[in-house]
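*Asks:* After the structure tokens below, expect a handful of questions from me.
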Amino acid sequence: NEDQQLELRFMPYGEKQLLLLARDVSQLHRVEKMRRDFIANVSHELKTPLTVVRGYVEMIQEDNDFSDHWSRSFDTIEQQVTRMDRLVQQLLILSRVEVSGDSEIRTMVNIPHLISALVEDASVLNKNKQHRMSFDIDETLGVMGNESELKSAFANLLVNAINYTSDGGEIQVSWQRIGDHCVYQVCDTGDGIRPEDIDRLTERFYRVDKSRSRNTGGTGLGLAIVKHVAQHHNAQLHIESILHKGSTFRIEFPAEDSFILGENYPHQQS
Ligand code: ADP
172 NEDQQLELRF MPYGEKQLLL LARDVSQLHR VEKMRRDFIA NVSHELKTPL TVVRGYVEMI
232 QEDNDFSDHW SRSFDTIEQQ VTRMDRLVQQ LLILSRVEVS GDSEIRTMVN IPHLISALVE
292 DASVLNKNKQ HRMSFDIDET LGVMGNESEL KSAFANLLVN AINYTSDGGE IQVSWQRIGD
352 HCVYQVCDTG DGIRPEDIDR LTERFYRVDK SRSRNTGGTG LGLAIVKHVA QHHNAQLHIE
412 SILHKGSTFR IEFPAEDSFI LGENYPHQQS
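Residues 172 to 441 (full-length UniProt numbering) make up the sequence shown, in order.
This is how it looks when you write it as structure tokens:
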């Protein structure tokens, strides 16, 4: 039947024979799809009430001259609504990228342009932290892909570097062609990650230090999104880190998906 999905696996059987194992995974896939649809629907339904609450809180704060106590209370409500809003946004992005997402919509993406927009947004976040940021961007290098997915993934790595580095640290962002790959890399001198945690970072809601992540407004979904976006683009996510020294997150795209920006734009790179 059309809906039926089988998982086939060959296993050695004796010296010269192979055993073919067939497992019906249709039910498993149906349940998985229901889970994803449910999360996407709930997140979508939460968007409107959150926008309304945020609107009223802002209006009340603007129109009244409250005592310290009330003004602190409203600030807390606003912060929590912002956190929930971010969680809902990230859940919606994740439920989109967990399936094929929008990745069928592929265009020639001007990556240097995308990075400079992200850096501008991140500068607000970096204001209090005062990190020194340096850039090594190949202004002529673009890649075929889904722009909004790439934007989410690149932003998550940059925001994490800012958040998980103590004030006054160093962050390097680079976008370069290296051998057979086009590499987006974010390197920080931050908290670092233990080797045993590295493999689990891309799991949904996995956070090394929950309270630290919450304080930074983290949702625990950022790297799960990065992993799926990388998969959609036939790219590899590499994480290297030394505890208390810093981390490097790298996404390596196949060079055959790149093209040269500028005069010839949008001709593909050979
Ligand atoms: P969060 O929203 O909590 O930041 P992520 O999925 O983006 O979720 O990251 C998962 C966890 O990985 C974080 O909670 C943090 O513990 C760790 N992490 C991510 N990026 C870095 C980094 N640059 N330096 C140190 N730890 C990091």
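We treat Cβ as the ideally placed atom computed from N, Cα and C, and that holds for glycine.
The model shown is predicted, which means the values in this text are computed figures rather than measured ones.
Is it buried or exposed, S305, if we count other Cβ atoms within 10 angstroms and call 16 or more buried?
*Replies:* By the 10 Å Cβ count, S305 comes out exposed.
*Asks:* Determine the DSSP secondary structure at Y355, reduced to helix, strand or coil.
*Replies:* Of the three classes helix, strand and coil, the one that applies to Y355 here is strand, per DSSP.
*Asks:* Three or more C-beta pairs closer than 8 Å, one from the stretch 373-382 and one from the stretch 391-408: is that the case here?
*Replies:* In short, these stretches touch, since the Cβ pair count reaches three.
*Asks:* In angstroms with no decimal places, state the Cα-to-Cα distance between residue 171 and H215.
*Replies:* Since the first and last residues shown for the chain are 172 and 441, residue 171 lies out of range.
*Asks:* Flag F237 as yes when its Cβ comes closer than 8 Å to any non-hydrogen atom of the ligand ADP, and as no otherwise.
*Replies:* It does not: the Cβ of F237 is nowhere closer than 8 Å to a heavy atom of the ligand ADP.
*Asks:* Whether or not the stretch 303-323 and the stretch 413-421 are in contact is what I'm after, with contact meaning three or more pairs of Cβ atoms, one per stretch, closer than 8 Å; do they touch?
*Replies:* Judged by Cβ distances under 8 Å, the stretch 413-421 makes no contact with the stretch 303-323, as fewer than three pairs qualify.
*Asks:* On the criterion of 16 or more Cβ atoms from any shown chain inside 10 Å, does N297 qualify as buried, or is it exposed?
*Replies:* It counts as buried.
*Asks:* According to DSSP, what are the bridge partners of E186?
*Replies:* Paired residues: none, contrary to the question.
*Asks:* Run the proximity test for R383: is its beta-carbon closer than 8 Å to any non-hydrogen atom belonging to the ligand ADP?
*Replies:* Yes, Cβ of R383 sits closer than 8 Å to a heavy atom of the ligand ADP.
*Asks:* Go through its chain and collect everything with a Cβ distance to E291's Cβ below 6 Å, but skip five positions before and after it.
*Replies:* If we look at E291 and ignore the five residues flanking it on each side, it has no Cβ neighbours.
*Asks:* With a threshold of 8 Å, establish whether the CB of A324 neighbours any heavy atom of the ligand ADP.
*Replies:* False, no ligand heavy atom lies under 8 Å from that Cβ.
*Asks:* Any heavy atom of the ligand ADP inside 8 Å of the beta-carbon of Y355?
*Replies:* No - the ligand ADP has no heavy atom lying nearer than 8 Å to the Cβ of Y355.
*Asks:* For G339, is the beta carbon positioned less than 8 Å from some heavy atom of the ligand ADP?
*Replies:* For the ligand ADP, not one heavy atom lies less than 8 Å from the Cβ of G339.
*Asks:* Given that a residue counts as buried once 16 or more other Cβ atoms are within 10 Å of its Cβ, and exposed if not, what is T219?
*Replies:* Exposed, by the Cβ-count rule.
*Asks:* My output table needs one value for T360: the three-state DSSP class, helix, strand or coil.
*Replies:* T360 falls in the coil class under three-state DSSP.
*Asks:* For the alpha helix (DSSP H) containing T219, name the first residue and the last one.
*Replies:* Note, T219: alpha helix (DSSP H), S197 to D234.
*Asks:* Is L408 near the ligand ADP, judged by its Cβ being under 8 Å from some heavy atom?
*Replies:* For the ligand ADP, not one heavy atom lies less than 8 Å from the Cβ of L408.
*Asks:* Let's test the definition: count the other Cβ atoms within 10 Å of the Cβ of S244 and tell me whether it reaches 16, buried, or not, exposed.
*Replies:* With fewer than 16 other Cβ atoms within 10 Å, it is exposed.
*Asks:* Please classify G340 as buried or exposed, where buried requires at least 16 other C-beta atoms within 10 Å of its C-beta.
*Replies:* The residue is buried, with at least 16 neighbouring Cβ atoms inside 10 Å.
*Asks:* Kindly indicate if chain C contains any beta-carbon less than 9 Å away from that of G389.
*Replies:* The structure shown contains no chain C; it holds only a single protein chain.
*Asks:* For S332, tell me which candidate among G226, I364, H240 and A211 has the shortest Cα-Cα distance.
*Replies:* The question names Ser, but residue 332 is Ala in the sequence shown. The shortest C-alpha separation from A332 is found at I364.
*Asks:* Following a CB-centred definition, is D380 positioned closer than 8 Å to any heavy atom of the ligand ADP?
*Replies:* Yes; taking the cut-off as 8 Å, the Cβ of D380 has a heavy atom of the ligand ADP nearer than that.
*Asks:* With respect to 8 Å, is the separation between the Cβ of D359 and the closest non-hydrogen atom of the ligand ADP below this value?
*Replies:* Yes - the ligand ADP has a heavy atom lying nearer than 8 Å to the Cβ of D359.
*Asks:* Is S429 near R348, with beta carbons less than 9 Å apart?
*Replies:* It is a contact, given that the beta carbons lie within the stated cut-off.
*Asks:* What residue range does the beta strand (DSSP E) around E341 cover?
*Replies:* E341 to I349 is the extent of the beta strand (DSSP E) around E341.
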